[in-house]
Every structure is written in structure tokens, then in C-alpha cells.
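Asks: Numbering (the numbering used here), first residue to last: 55 to 154.
1. Going by CA-CA distance only, name the one from 125, 84, 134 that's closest to residue 111.
2. Can you give the Cα-Cα distance for residue 125 and residue 65, rounded to whole angstroms?
3. Output the distance between the C-alpha atoms of residue 139 and residue 74, rounded to the nearest integer angstrom.
4. Which value, in whole angstroms, describes the spacing of the CA atoms of residue 120 and residue 89?
5. To the nearest angstrom, report how far apart residue 68 and residue 129 are at their CA atoms.
6. Roughly how many angstroms separate the alpha carbons of residue 77 and residue 70, rounded to a whole number?
7. If you follow the alpha helix (DSSP H) that residue 73 is in, where does it begin and where does it stop?
8. Measuring CB to CB, does residue 113 end up less than 8 Å from residue 82?
9. Quick check: what's the CA-CA separation for residue 142 versus residue 122?
10. Would residue 147 be called buried (16 or more neighbouring beta carbons within 10 Å of its own) or exposed?
So this is what it looks like as C-alpha cells:
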């Protein structure tokens, strides 16, 4: 039988990223897309089903920031997830009103 404690232990990397990004940026739009299935058997596929992701995020926090600054902001919030727990992370970060 699954208890609330067991359920919390099954929290996915995807859910964790969504929570961290929502708390840090209060985004108008957030999509954390698991691309792992399309990389099955490729380099970096650890078999977890959570090795490759794309983040699409729109937030006022990115206003006036360069693409590189935005990516660094997202990576900073995600901590050890990119590069340690996730092999590949594509980031598309936009300020409100920018095409995305």
C-alpha cells in the first residue's frame, strides 16, 4: 500500500524542477518537458527516463537580461540537477511579451 511518505519519495526530477522554478520566478508560463524517451539508448541515457529535459519559462525576472544571464539564473535555481542528475537541459527563457 502506498502511503503519503512513499508517494513523496517517488517525486520525479521533472516535478522537482517545476517546483523550484515556480518558487524562484513566479512564471507566467512554465513547461518542463521530458525529452528522455527520444534519447533512449543514446549517450547520457541512464535508463531512469529522466535524463533529457527542455524548460520553457516566461517570467518578469528575465526582463533586461541576456540569454546567457537567463540560462545562468535557471541553472542556479536548479542547483545540482543539470549536469549531475540530468544529462541534458535545454532552456528557453523569455521576459513577458517576448515571442516564445
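The beta-carbon is built from N, C-alpha and C at its ideal position, and this holds for glycine as well.
Replies: Concretely, from the data shown:
1. 84
2. 24 Å
3. 15 Å
4. 25 Å
5. 14 Å
6. 11 Å
7. 67-79
8. yes
9. 16 Å
10. buried
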